[in-house]
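For what it's worth, UniProt numbering labels the leading residue of the sequence shown as 1, then goes sequentially. The beta carbon of each residue, even a glycine, is placed where N, CA and C say it ideally should be. These numbers were taken from a predicted model, which means no experiment stands behind them. Down below is the structure, laid out as structure tokens.
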Amino acid sequence: MNDFYVGQKVVCIDDKFKNVSIDQIIRKGQIYTIRWIGMYQHYVDGEFVGIKVEEIHRGNDDGPEGYGAADMPYRASRFRPLVKDKIGQLRKLLTPTPDEPDEPAKKTPIKKKEKV
1 MNDFYVGQKV VCIDDKFKNV SIDQIIRKGQ IYTIRWIGMY QHYVDGEFVG IKVEEIHRGN
61 DDGPEGYGAA DMPYRASRFR PLVKDKIGQL RKLLTPTPDE PDEPAKKTPI KKKEKV
């Protein structure tokens, strides 16, 4: 639970739910924002660290496979913190950039020959 905090961006790494035919809305690879995190007690799945995300409000879980929970959280293990690609940013520094176009050469005024 220490790896997550409210307001943090996370990416879904597991959107497969065994023995559940109802769409659980989260999608693997999608980025979400944590709005709640805490311990959650589910009478079938037991106790787990759960998170709720800003982008999804699950409503009441009262469908045919529902357990009567209101806005039930997802297991935190289905997500990982979103990490900025620091290595990629460093690689960009090493990548040569195309040469910028040269400024047009300044014309030097032609001196008139003086007659002596």
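Inset, instruction - Decide yes or no for the touch test of the segment 65-84 against the segment 41-54: beta carbon pairs closer than 8 angstroms, at least 3 of them. - result: yes
Inset, instruction - Please state whether DSSP places R78 in a helix, a strand or coil. - result: Looking at R78 - three-state DSSP - the assignment turns out to be helix.
Inset, instruction - Determine the burial state of I22: buried for a count of at least 16 other Cβ atoms within 10 Å of its Cβ, exposed for fewer. - result: I22 is exposed by the Cβ-count criterion.
Inset, instruction - Just grab the DSSP bridge partners of Q41 for me. - result: E47
Legend entry - For F17, the three-state DSSP class (helix, strand or coil): coil
Inset, instruction - Round the Cβ separation of Y40 and E55 to the nearest angstrom and send it over; I've been treating them as touching at under 8 angstroms. - result: Rounded, the Cβ-Cβ distance is 19 angstroms, inconsistent with contact.
Inset, instruction - Under 7 angstroms Cβ to Cβ from R35, same chain only, skipping five residues before and after it: list those, please. - result: V6, K52, V53, E54
Legend entry - Residue burial classification, V10 (beta-carbon count within 10 angstroms, cutoff 16): buried
Inset, instruction - Have a look at the DSSP bridge pairing and note the partners of Y32. - result: According to DSSP, which records beta bridges pairwise, Y32 is partnered with V10.
Inset, instruction - Please name the residue or residues paired with A70 in a DSSP beta bridge. - result: N60
Legend entry - Environment of I37 [buried if 16+ CB atoms lie within 10 Å]: buried
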